[in-house]
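Reading through the structure tokens given below for one structure.
Protein chains: 2
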Amino acid sequence: MPHSIVFAGVREGLWQVTSMTTLIGADLPIVEAIAMHGGDWEGDIGSSWELRGVPSNMRYSTKSELSALRAIQPDLGRSECRRAALIPIKKSAAWWQLAQDERRAIFEEDSRHTAIGMSYLPGVARRLLHSRDLGEPFDFLTWFEFAVEHEARFQELLDRLRASVEWRYVEREIDIRLTV
Amino acid sequence: MPHSIVFAGVREGLWQVTSMTTLIGADLPIVEAIAMHGGDWEGDIGSSWELRGVPSNMRYSTKSELSALRAIQPDLGRSECRRAALIPIKKSAAWWQLAQDERRAIFEEDSRHTAIGMSYLPGVARRLLHSRDLGEPFDFLTWFEFAVEHEARFQELLDRLRASVEWRYVEREIDIRLTV
Chain L
-18 MPHSIVFAGV
-8 REGLWQVTSM
2 TTLIGADLPI
12 VEAIAMHGGD
22 WEGDIGSSWE
32 LRGVPSNMRY
42 STKSELSALR
52 AIQPDLGRSE
62 CRRAALIPIK
72 KSAAWWQLAQ
82 DERRAIFEED
92 SRHTAIGMSY
102 LPGVARRLLH
112 SRDLGEPFDF
122 LTWFEFAVEH
132 EARFQELLDR
142 LRASVEWRYV
152 EREIDIRLTV
Chain F
-18 MPHSIVFAGV
-8 REGLWQVTSM
2 TTLIGADLPI
12 VEAIAMHGGD
22 WEGDIGSSWE
32 LRGVPSNMRY
42 STKSELSALR
52 AIQPDLGRSE
62 CRRAALIPIK
72 KSAAWWQLAQ
82 DERRAIFEED
92 SRHTAIGMSY
102 LPGVARRLLH
112 SRDLGEPFDF
122 LTWFEFAVEH
132 EARFQELLDR
142 LRASVEWRYV
152 EREIDIRLTV
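Those sequence lines, one after another, are chains L and F.
So in the working numbering, spot 55 of the first sequence is number 36, and the numbers just go up one at a time.
So in the working numbering, spot 49 of the second sequence is number 30, and the numbers just go up one at a time.
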């Protein structure tokens, strides 16, 4: 699967782990660093765990939301962004059995997911990878990059999302903070 | 990926190929039969090609559509269903770059995809497998089972969908008909 991306929990890597916090569900083994690989990578005897995801199409955004996002969304890898977070998330079976309009209503009309995320752009760069169809242990791998001075704002973003109705459907979430 | 399903083009199998018609895009090599395997199957020296997909959540159905579908949707494997079709489909990059509300509008409000499919239930049993996030050559693997006497109705279902606005975004489609 060369179009996918693998995050490997390792002992040495560019992004060093500063904390790993399990918010809900099962832990992941503690690691010192995260290495990123293209999907054709065949694994490494030195990795403690590996999480795979793929960029995919947007699942909830309307045309106007997508236009606004595309206009403001920064690239990854900005030189000032020396902090990152990898937050793998799994939602419940109840979430996935909902119809599209029910999930959309919870995601945006109730929880303001896109609107909240937008208000932290371009300071906090975000990327979403999809894992559920790959049979992975998490449904999503979310990746964030930001400058040191945006760390408090980033925490505020997470606090707001975690207080939302949408998050009642999250059954596993691990917050891995990183520094380069 | 044990939750996925693999369709293998083979020389001998339960479902024998009666025709393979490429509607648009590149062909698949002609095979005599289709074998189905669970996703942990590791391949077979005797297969000409393999296509993998996963059952996933519904991407467009509203709550009322989903309720109606679940109420009427028949099981696969009914004894009278001695005809089947495997139709792998790939949509264009232009489709996938559309926002969710744009895709929904084309899928249902313009093309009546669910409504058309519903009107052939329970005669034509359908299953949709998702392949795009797996890096597969097709985005979807669609599977249909029906009794011999429903074959003309099945063809009518396909003709109606292929005449829809949604189908302008289909860039590869192969219609494989099968008999047991």
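Just so you know, even glycine gets a beta-carbon here, dropped at the ideal spot from N, CA and C.
These figures come from a predicted structure and were not determined experimentally.
Check: Please report the straight-line C-alpha distance between F:R33 and F:E130, rounded to a whole angstrom.; Outcome: 30 Å
Check: Give me the chain L residues within the contact set of F:S100, using Cβ-Cβ distance strictly less than 7 Å, ordered along the chain.; Outcome: Residues of chain L passing the Cβ test: none, with the nearest at roughly 20 Å.
Check: Along the chain, where does the beta strand (DSSP E) containing L:F125 start, and where does it finish?; Outcome: F121 to F127
Check: Put L:M39 into one of helix, strand or coil per three-state DSSP.; Outcome: coil
Check: Could you tell me the boundaries of the beta strand (DSSP E) in which L:S0 lies?; Outcome: W(-4) to I5
Check: Contact check, F:C62 vs F:E126 under 8 Å by CB: the rounded distance?; Outcome: 4 Å
Check: Against F:S145, what residues of chain L qualify as contacts under a CB-to-CB distance less than 8 Å, listed in chain order?; Outcome: In chain order: nothing, as chain L lies at least about 19 Å away.
Check: Can you pull out the residues from the segment 56 to 82 of chain F whose beta carbon lies closer than 7 Å to at least one beta carbon of chain L?; Outcome: W77, A80, Q81 and D82
Check: Between L:I5 and the rest of its own chain, which residues show a CB-CB distance below 7 Å, the 5 nearest in sequence each way excluded?; Outcome: V151, E152, R153 and E154
Check: Do the segment 47 to 66 of chain F and the segment 15 to 35 of chain L meet, that is, are 3 or more Cβ pairs less than 8 Å apart?; Outcome: no
Check: Flag F:Y150 as yes if its beta-carbon sits less than 8 Å from any beta-carbon of chain L, otherwise no.; Outcome: no
Check: If the criterion is Cβ atoms closer than 8 Å, does the pair L:H118 and L:K71 meet it?; Outcome: Per the sequence shown, residue 118 of chain L should be read as Pro rather than His. Yes, the Cβ-Cβ distance between L:P118 and L:K71 is below 8 Å.
Check: What's the C-alpha gap between F:R158 and F:D82?; Outcome: 33 Å
Check: Does the pairing of the segment 41 to 51 of chain L with the segment 92 to 100 of chain L give three or more beta-carbon distances under 8 Å?; Outcome: yes
Check: I need the straight-line Cα distance from F:L110 to F:T123, nearest angstrom please.; Outcome: 6 Å
Check: Got a sec: is the Cβ-Cβ distance from F:H111 to anything in chain L below 8 Å?; Outcome: yes
Check: Can you list, in chain order, the stretches of the beta strand (DSSP E) that have 3 or more residues and sit fully within the segment 49 to 134 of chain F?; Outcome: 64 to 72, 106 to 111 and 121 to 127
Check: Assuming contact is defined by CB atoms lying nearer than 8 Å, are L:G(-10) and L:S28 in contact in what I supplied?; Outcome: yes
Check: Taking the alpha carbon of F:E90 as the reference point, which residue from F:V146, F:A133 and F:L138 has its own alpha carbon closest?; Outcome: F:V146
Check: According to DSSP, is F:L139 helix, strand or coil?; Outcome: helix
Check: Nearest by alpha-carbon distance to F:D8: which of F:A49, F:A74, F:R134 and F:P69 is it?; Outcome: F:P69
Check: Compute the Euclidean distance between the alpha carbons of L:F88 and L:L50, then round it to the nearest angstrom.; Outcome: 16 Å
Check: Compute the distance between the beta-carbons of L:D180 and L:A66, then report whether it is under 8 Å.; Outcome: Missing from the structure shown is residue 180 of chain L; chain L here goes from -18 to 161 and no further.
Check: Rounded to the nearest angstrom, what separates L:R(-8) and L:W30 at their Cα positions?; Outcome: 11 Å
Check: So with Cβ pairs under 8 Å, would you call F:T2 a contact of chain L?; Outcome: no
Check: Take F:T2 and list the residues in its own chain whose beta-carbon comes closer than 6 Å to its own, dropping the five residues that flank it on each side.; Outcome: D156
Check: What would DSSP say about F:R(-8), mapped onto helix, strand or coil?; Outcome: coil
Check: Secondary structure at F:V181, three-state DSSP: helix, strand or coil?; Outcome: With chain F running from -18 to 161 in the structure shown, residue 181 of chain F is simply not present.
Check: On the three-state DSSP scale, how would you describe L:E13?; Outcome: coil
Check: Can you name the residues of chain F whose CB is closer than 7 Å to the CB of L:R(-8)?; Outcome: Chain F residues near L:R(-8): none, gap ~28 Å exceeds 7 Å.
Check: Any beta carbon of chain C sitting closer than 8 Å to that of F:L32?; Outcome: In the structure shown, chain C cannot be found, because the protein chains are L and F.
Check: State the Cα-Cα distance for the pair L:Q(-3) and L:E137, rounded to the nearest angstrom.; Outcome: 22 Å
Check: Please identify the residue among L:A80, L:L115, L:T160 and L:R143 whose C-alpha is closest to the C-alpha of L:I(-14).; Outcome: L:L115
Check: To the nearest angstrom, how far is the alpha carbon of F:S100 from that of F:S48?; Outcome: 15 Å
Check: From the beta carbon of F:R153, is the nearest beta carbon of chain L less than 8 Å away?; Outcome: no
Check: Alpha carbon to alpha carbon, how far is F:T132 from F:P10?; Outcome: The identity of residue 132 of chain F in the sequence shown is Glu, whereas the question assumes Thr. If you take the alpha carbons of F:E132 and F:P10, they lie about 24 Å apart.
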